[in-house]
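A short worksheet on the structure shown next.
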Amino acid sequence: SQKIEQNSEALNIQEGKTATLTCNYTNYSPAYLQWYRQDPGRGPVFLLLIRENEKEKRKERLKVTFDTTLKQSLFHITASQPADSATYLCAPRLNAGNNRKLIWGLGTSLAVNP
Amino acid sequence: NAGVTQTPKFQVLKTGQSMTLQCAQDMNHEYMSWYRQDPGMGLRLIHYSVGAGITDQGEVPNGYNVSRSTTEDFPLRLLSAAPSQTSVYFCASKRGNQPQHFGDGTRLSIL
Chain P
11 SQKIEQNSEA LNIQEGKTAT LTCNYTNYSP AYLQWYRQDP GRGPVFLLLI
61 RENEKEKRKE RLKVTFDTTL KQSLFHITAS QPADSATYLC APRLNAGNNR
111 KLIWGLGTSL AVNP
Chain G
343 NAGVTQTPKF QVLKTGQSMT LQCAQDMNHE YMSWYRQDPG MGLRLIHYSV
393 GAGITDQGEV PNGYNVSRST TEDFPLRLLS AAPSQTSVYF CASKRGNQPQ
443 HFGDGTRLSI L
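If you read the protein sequences in the order shown, they are chains P and G. The opening residue of the first sequence carries number 11 in the working numbering; numbering runs sequentially from there. The opening residue of the second sequence carries number 343 in the working numbering; numbering runs sequentially from there.
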């Protein structure tokens with residue numbers, strides 16, 4: 011079955027540093043992969059989408075990479091701020107025949123310390 | 343522009359009771375879905391709809407019913423609540439291949 015793995019441990023970093031979050035997937039090849047942010051008591055909010063034919067995508071301080079050989083996506087937040095503290099969810103899109111759906115990771119909790 | 347609105351935000355039920363979780367969106371999105379989020383598990387799709395009058399089952403549909411009589415509304419019904427349905431429920435909507443917009447969830451406890 012399809013499986014998604016994100017950093018299981020919470021990530022604590024110092025303000026101003028770069029946070030790097032990992033998303034590994036097995037047993038399928040997603041057509042694209044999405045990253046969402048979720049704050050406590052709130053629903054997920056979309057951040058970035060990267061397609062299988064794209065190596066890298068950027069949006070302001072955010073950068074996503076997609077390595078289909080390693081079956082891995084990395085999510086970077088540069089010049090991190092305490093306001094970036096949240097849980098980040100990875101969601102590759104399964105695209106096999108009639109079975110098209112997002113598979114959601116458990117998320118990685120990020121804490122940026124001032 | 344309110345986006346996706348879910349009501350109620352919190353609810354406590356007794357085993358066997360029924361209730362409806364409401365979801366409304368004002369973005370004219372054709373696709374709407376319901377997820378549940380539990381500790382140690384990723385978001386799991388319960389039911390979804392690709393347009394008014396059309397619904398389909400997701401990954402964990404048992405114990406839940408849905409209907410889609412209008413583009414805006416997509417209620418989720420629990421016919422006979424069970425403790426295993428204690429969870430946080432999220433409604434989401436989207437247009438075409440665009441990313442999903444989520445509501446802020448309903449936190450449901452079943453005693």
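By construction, the Cβ of each residue, glycine as well, lies at the ideal position given by its N, Cα and C atoms.
8 Å or more divides the Cβ of Q367 (chain G) from the Cβ of S411 (chain G). Not a single CB atom of chain P sits nearer than 8 Å to the CB of D398 (chain G).
Taking 8 Å as the upper bound on Cβ-Cβ separation, chain P lies near residues P441, Q442, H443, F444, G445, D446 and G447 of the segment 435-453 of chain G. Nearest CB-CB separation between L104 (chain P) and chain G: not below the 8 Å threshold.
Among the CB atoms of chain P, none fall inside 8 Å of the CB of F416 (chain G). For R103 (chain P), same chain residues with a beta-carbon under 6 Å away, outside a window of 5 residues either side, are P40, A41, Y42 and L112 in chain order. Rounded to whole angstroms, the separation of the alpha carbons of V402 (chain G) and S360 (chain G) is 18 Å.
An exposed status is given to A20 (chain P), since fewer than 16 other beta-carbon atoms sit within 10 Å of its beta-carbon. Taking the C-beta atoms as reference points, V74 (chain P) is found no nearer than 8 Å to D94 (chain P).
Between V392 (chain G) and the set G:P425, G:L385 and G:V408, the nearest pair of CA atoms involves G:V408. Within the same chain, and ignoring the five residues on either side of G400 (chain G) in sequence, the residues whose Cβ sits closer than 6 Å to its Cβ are L387, I388, H389 and Y390. Under the three-state reduction of DSSP output, P40 (chain P) falls in the coil class, being neither helix nor strand.
Listed along chain G is no residue with a C-beta nearer than 8 Å to that of F85 (chain P); the closest approach is about 15 Å.
Here N34 (chain P) is bridged, per DSSP, to P:E15 and P:Q82.
The DSSP-derived three-state label of P102 (chain P) is strand. A residue is called buried once 16 or more other Cβ atoms fall within 10 Å of its Cβ, and S426 (chain G), having fewer, is exposed. Taking one beta carbon from each stretch, the segment 431-450 of chain G and the segment 350-358 of chain G have 3 or more pairs nearer than 8 Å; the two touch.
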